[in-house]
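So the sequences go chain by chain: A and B.
Counting from 1, position 74 in the first sequence corresponds to residue 74 in my numbering; the numbering is continuous, with no gaps.
Counting from 1, position 157 in the second sequence corresponds to residue 157 in my numbering; the numbering is continuous, with no gaps.
Positions of the beta carbon are idealized from the N, C-alpha and C atoms, including for glycine.
What follows is one structure encoded as structure tokens, with my remarks underneath.
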Amino acid sequence: MTSGGRNLLILGVVSAAIAITTTGVSLTIYHNSGDIYLDRSRPGFLPDEEEISEDDTEEEYVFDKNGAITKEVLEEYLKHLNEEVDALELYADPFADEMLSDSKLGIPEE
Amino acid sequence: MKKKGITLYYIILMLFLQVASFGAPVLAISEGQENAVRAHCDVIRSSLRDLQKTDSRIRVYLGRYYDNILIGLIKPLNLRLLDNDLSDISLINNQNDFNEAQVKFKSDYIEYQKSLEELVAMDCKMEPVAFYDRLVDVRKRRKIVNDDALKLREVADEQVRLVEVLKEEL
Chain A
1 MTSGGRNLLI LGVVSAAIAI TTTGVSLTIY HNSGDIYLDR SRPGFLPDEE
51 EISEDDTEEE YVFDKNGAIT KEVLEEYLKH LNEEVDALEL YADPFADEML
101 SDSKLGIPEE
Chain B
1 MKKKGITLYY IILMLFLQVA SFGAPVLAIS EGQENAVRAH CDVIRSSLRD
51 LQKTDSRIRV YLGRYYDNIL IGLIKPLNLR LLDNDLSDIS LINNQNDFNE
101 AQVKFKSDYI EYQKSLEELV AMDCKMEPVA FYDRLVDVRK RRKIVNDDAL
151 KLREVADEQV RLVEVLKEEL
């Protein structure tokens with residue numbers, strides 16, 4: 001093998017080692033930070049078709065941080081705030097106990 | 001001397017029994033439950049996997065509205081009030097409460113999901129008791145996340161109330 005060929009081989013091996021190391025470090029950080037549990041792009045957690053609706057393309061309302069404060073401005077603010085708060089009502093008791101209860105999982109009560 | 005020896009023997013025996021009892025596993029389930037976990041292991045794990053997906057969906061939905069409320073409504077209002085020399089300490093405190101509650105919700109949710117994932121990975125046919133112990137732990141973590149979500153709702157409702165009061169004072 002020529003010296004040029006040997007150098008190329010060394011370059012390839014070192015590059016592969018660096019790539020594997022940095023990928024491993026990234027995956028470790030991704031896992032340990034907990035981001036993996038928030039990521040819905042991983043297999044099995046992708047959003048269903050019905051979750052992706054036209055409403056998602058609308059821009060969310062942002063209250064203007066500049067301007068006067070009047071009764072009318074606050075009424076408009078409350079209208080938007082109540083819309084957001086009402087949306088939370090869809091899951092009034094999220095992560096409730098019953099989904100992990102013995103009866104729900106088919107385990108007989110003691 | 002003989003009496004001291006017998007006393008010492010009984011003391012050592014009692015200590016040994018105490019230590020031995022700490023080493024024994026605490027049985028959280030009855031034999032019937034253990035058999036049920038073993039028999040329905042696949043169905044239980046499948047239900048838990050479905051629950052993971054449902055929880056993920058709920059978390060994204062709620063997270064979106066929490067962000068809208070904090071970033072789109074609570075923070076800009078406080079900035080605008082400051083600009084108009086109308087800063088309200090109650091509203092500022094409420095912003096801090098919401099921010100803290102949201103951070104806590106995210107952190108507790110991650111711990112809950114981590115625990116749930118470990119539960120799903122366990123072999124409930126081979127280790128039904130350990131599986132059930134882990135299930136009890138997951139339930140506790142889920143309750144914490146539930147409390148966090150209810151707290152966020154409470155703070156959001158408080159924001160509505162405070163702004164209504166402010167509106168009346170203008």
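Simplified DSSP assignment, three categories, for residue i
i: R64 of chain B; result: helix
i: I69 of chain A; result: coil
i: K125 of chain B; result: coil
i: N84 of chain B; result: coil
i: T2 of chain A; result: coil
i: Y109 of chain B; result: helix
i: H40 of chain B; result: coil
i: L170 of chain B; result: coil
8 Å contact criterion, which residue i and residue j should meet: CB distance rounded
i: E111 of chain B; j: R141 of chain B; result: 6 Å
i: F98 of chain B; j: L70 of chain B; result: 5 Å
i: L48 of chain B; j: L116 of chain B; result: 7 Å
i: L105 of chain A; j: I29 of chain B; result: The Cβ separation is near 12 Å, so there is no contact.
i: I107 of chain A; j: Q33 of chain B; result: 5 Å
i: L74 of chain A; j: V165 of chain B; result: Contact flag wrong, Cβ pair sits at about 10 Å.
i: S56 of chain B; j: R6 of chain A; result: Between R6 of chain A and S56 of chain B the Cβ distance is about 50 Å, and since that is not below 8 Å, they are no contact.
i: G34 of chain A; j: K114 of chain B; result: 7 Å
i: D179 of chain B; j: D88 of chain B; result: Only positions 1 to 170 of chain B appear in this structure, which leaves residue 179 of chain B out of reach.
Straight-line gap, residue i to residue j (C-alpha atoms, nearest Å)
i: D64 of chain A; j: N82 of chain A; result: 17 Å
i: F105 of chain B; j: L73 of chain B; result: 19 Å
i: K216 of chain B; j: N35 of chain B; result: Since the first and last residues shown for chain B are 1 and 170, residue 216 of chain B lies out of range.
i: A130 of chain B; j: M14 of chain B; result: 28 Å
i: V155 of chain B; j: V13 of chain A; result: 56 Å
i: I92 of chain B; j: N78 of chain B; result: 7 Å
i: I18 of chain A; j: L9 of chain A; result: 14 Å
i: A16 of chain A; j: T23 of chain A; result: 10 Å
i: C41 of chain B; j: N32 of chain A; result: 28 Å
Minimum Cβ-Cβ distance from residue i to chain C less than 9 Å
i: I107 of chain A; result: Absent here is chain C; the protein component of the structure consists of chains A and B.
Residue i Cβ short of 8 Å to the ligand NAP heavy atom set
i: Q95 of chain B; result: The ligand NAP is absent from the structure shown, which contains no ligands of any kind.
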